[in-house]
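A.B. asks: Just passing along the structure, written as structure tokens.
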Amino acid sequence: DSKRRGRNGWQSFTPELAEQQLHRLQLETHLRRAVGNEEFHLVYQPQVRLTDGAVVSAEALIRWRNQSLGEMRPARFIDHAETTGDIVGIGGWVLREACQQMRRWRNDGLGIERIAVNVSYRQFLGEDLASSVAAALAESGIPGSALELEFTERVLIEDVPDTLRTFEILRDLGVVLTIDDFGEGYSALNYLRRLPIHGLKLSQLFVQGVPHNQSDVAVCQAVTGIARSLGLGLVAEGVETELQRRFLLDLGVETGQGFLFSAGLVPDAFRQYCLARGAAMDMTATL
Ligand code: C2E
Ligand code: MG
Ligand code: MG
Ligand code: MG
Numbered sequence: 577d578s579k580r581r582g583r584n585g586w587q588s589f590t591p592e593l594a595e596q597q598l599h600r601l602q603l604e605t606h607l608r609r610a611v612g613n614e615e616f617h618l619v620y621q622p623q624v625r626l627t628d629g630a631v632v633s634a635e636a637l638i639r640w641r642n643q644s645l646g647e648m649r650p651a652r653f654i655d656h657a658e659t660t661g662d663i664v665g666i667g668g669w670v671l672r673e674a675c676q677q678m679r680r681w682r683n684d685g686l687g688i689e690r691i692a693v694n695v696s697y698r699q700f701l702g703e704d705l706a707s708s709v710a711a712a713l714a715e716s717g718i719p720g721s722a723l724e725l726e727f728t729e730r731v732l733i734e735d736v737p738d739t740l741r742t743f744e745i746l747r748d749l750g751v752v753l754t755i756d757d758f759g760e761g762y763s764a765l766n767y768l769r770r771l772p773i774h775g776l777k778l779s780q781l782f783v784q785g786v787p788h789n790q791s792d793v794a795v796c797q798a799v800t801g802i803a804r805s806l807g808l809g810l811v812a813e814g815v816e817t818e819l820q821r822r823f824l825l826d827l828g829v830e831t832g833q834g835f836l837f838s839a840g841l842v843p844d845a846f847r848q849y850c851l852a853r854g855a856a857m858d859m860t861a862t863l
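Just so we're aligned: 693 in UniProt numbering is position 117 of the sequence shown, and the numbers increase by one with no gaps anywhere.
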């Protein structure tokens, strides 16, 4: 009941609440300065071909290291950054850094197809996303096809007037557009058809239940069927076991990502991983 009131904005004052609010205030104060203080870095999780584990691409995942707060994963700060609007600056930094990293890897001859960057809903609203993407591509000199943007289902559903136009500009830049965590929300095929999306990421929420949980099996089959019938690419996320890999392969899923292969890696470790496992394609094909 007190929880309910809290959600409606009526809160009784308790020491825990005061402490929570103080903590939030501290976090947000540090967050405001984090880009300027160069406290963020990216780790890169390999996306691999499920048949042989060859690396196809990398997803950039943000990490925050702050002197007084320590090392933090996005779950600790992304929602706050969305609320305060800081996500716009952070997201711009992620975009530029990921493109620069791709440039460095290409200069080194590392043959991965693309680098995937997560874009939050607020980032989509709060700035001219298409221009910052174009700028990050121009600055780094990588082609649009070497960049993938992962959006959440929310982007499909909320009725933002410029959504379609932004997606079309991004598509015309050659950028690969993907819906992250697909199946967690309430995407209707209708929305999916409206936008020029290239692929879906099957949510780890369902991948983790297969092959034993029958309803997760059903959702994986359904999402695979949607991707296939709409001609969309599909990446399974959260692949942790050999049984899951086999199940997905049998469903016809070609690409996966998860702890079975690797967690996110700092750039040097990612490069080592690719060299050890092989990269799935010849870079001359996309440059
Ligand atoms: P996501 O984009 O769905 O990324 C997948 C998350 O699952 C990552 O957590 C990754 O480390 C984790 N993961 C990967 N493989 C496995 C697995 O086999 N098992 C399990 N249990 N987990 C796995 P992480 O790095 O903590 O990121 C969490 C979320 O934060 C991301 O989910 C994404 O929505 C968001 N995020 C991360 N980086 C950024 C960013 O640069 N910008 C924005 N806007 N959001 C980001
Ligand atoms: Mg993602
Ligand atoms: Mg995901
Ligand atoms: Mg997620």
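Backbone N, C-alpha and C define an ideal beta-carbon position, used for all residues, glycine too.
Since the structure is predicted, the reported quantities are computational estimates derived from the model, not experimental observations.
Suppose the cutoff is 8 Å on Cβ atoms and the five residues either side in sequence are ignored; what does the same chain contact list for LEU637 look like?
C.D. replies: Excluding sequence neighbours, LEU637 sits near LEU618, VAL619, TYR620, GLN621, PRO650, ASN694 and GLY840.
A.B. asks: Check whether the Cβ of ASP756 sits closer than 7 Å to any heavy atom of ligand 2, and report yes or no.
C.D. replies: True, at least one ligand heavy atom lies under 7 Å from that Cβ.
A.B. asks: Need the endpoints of the alpha helix (DSSP H) that HIS599 sits in, please.
C.D. replies: Run containing HIS599: 591-610, per the alpha helix (DSSP H) assignment.
A.B. asks: The alpha helix (DSSP H) that contains PHE837, what's its start and end?
C.D. replies: No alpha helix (DSSP H) contains PHE837, which DSSP labels as neither H nor E.
A.B. asks: Indicate whether the contact test is met: 3 or more Cβ pairs, each with one atom in the stretch 842-855 and one in the stretch 646-661, closer than 8 Å.
C.D. replies: No, because fewer than three Cβ pairs between the stretch 842-855 and the stretch 646-661 fall closer than 8 Å, the two stretches do not touch.
A.B. asks: Under the assumption that GLY775 contacts GLY809 (Cβ atoms under 8 Å), give the Cβ distance between them as a whole number of angstroms.
C.D. replies: The pair is a contact, with the Cβ atoms about 3 Å apart (cut-off 8 Å).
A.B. asks: Mind reading off the beta-carbon distance from ALA634 to CYS675? Whole number of angstroms is fine, and I expect it under 8 Å.
C.D. replies: Contact flag wrong, Cβ pair sits at about 12 Å.
A.B. asks: How many Å lie between THR627 and THR831 at the Cα?
C.D. replies: Taking the straight line joining both Cα atoms gives about 8 Å.
A.B. asks: So, are the CB atoms of LEU806 and LEU768 less than 8 Å apart?
C.D. replies: Closer than 8 Å, so yes.
A.B. asks: Of the residues LEU825, GLY685 and GLN848, which one's Cα is nearest the Cα of THR800?
C.D. replies: Closest by alpha carbon: LEU825.
A.B. asks: Any heavy atom of ligand 2 closer than 7 Å to the CB of GLU726?
C.D. replies: Checking the Cβ of GLU726 against ligand 2 gives yes.
A.B. asks: Regarding PRO650 and ligand 1, is the C-beta to nearest heavy atom distance less than 7 Å?
C.D. replies: Checking the Cβ of PRO650 against ligand 1 gives yes.
A.B. asks: Exposed or buried, what is SER791 when buried is set at 16 or more other beta-carbons lying within 10 Å of its beta-carbon?
C.D. replies: Under this definition SER791 is an exposed residue.
A.B. asks: Determine whether the beta carbon atoms of PHE758 and LEU778 lie at a separation below 8 Å.
C.D. replies: Yes; because the gap between Cβ atoms is below 8 Å, this pair is in contact.
A.B. asks: Spell out a yes or no on whether the stretch 812-819 and the stretch 589-602 are touching, meaning 3 or more CB-CB pairs, one atom from each, closer than 8 Å.
C.D. replies: No contact exists between the stretch 812-819 and the stretch 589-602.
A.B. asks: Heavy atom of ligand 1 less than 7 Å from the Cβ of GLY834, yes or no?
C.D. replies: Within the cutoff, so yes.
A.B. asks: Span of the alpha helix (DSSP H) holding VAL631?
C.D. replies: Careful: VAL631 lies outside any alpha helix (DSSP H), inside the beta strand (DSSP E) at 631-642.
A.B. asks: With respect to 7 Å, is the separation between the Cβ of ALA636 and the closest non-hydrogen atom of ligand 1 below this value?
C.D. replies: Yes; taking the cut-off as 7 Å, the Cβ of ALA636 has a heavy atom of ligand 1 nearer than that.
A.B. asks: What did DSSP end up calling residue 864 once you bin it into helix, strand or coil?
C.D. replies: Beyond the ends of the chain as shown, which are 577 and 863, falls residue 864; an answer cannot be given.
A.B. asks: Going by beta carbon distance, what residues of the same chain come within less than 8 Å of residue 921, once the five residues before and after it are set aside?
C.D. replies: No answer is possible for residue 921: it lies beyond the span of the chain, which begins at 577 and ends at 863.
A.B. asks: At a threshold of 7 Å, does GLN621 count as lining ligand 1 (C-beta to nearest heavy atom)?
C.D. replies: It does: the Cβ of GLN621 is within 7 Å (strictly closer) of some heavy atom of ligand 1.
A.B. asks: Report whether the distance from the Cβ of GLU595 to the nearest heavy atom of ligand 3 is below 7 Å.
C.D. replies: Flag unset: Cβ of GLU595 not near ligand 3.
A.B. asks: For GLY814, list the residues DSSP reports as bridge partners.
C.D. replies: For GLY814, which the question treats as bridged, DSSP gives no partner whatsoever.
A.B. asks: How long is the line joining the alpha carbons of ASP844 and GLN780, rounded to whole angstroms?
C.D. replies: Distance between the alpha carbons of ASP844 and GLN780 is about 26 Å.
A.B. asks: When you measure from the CB of SER696 to every non-hydrogen atom of ligand 1, does any distance come out below 7 Å?
C.D. replies: Checking every heavy atom of ligand 1 against the Cβ of SER696, one is found closer than 7 Å.
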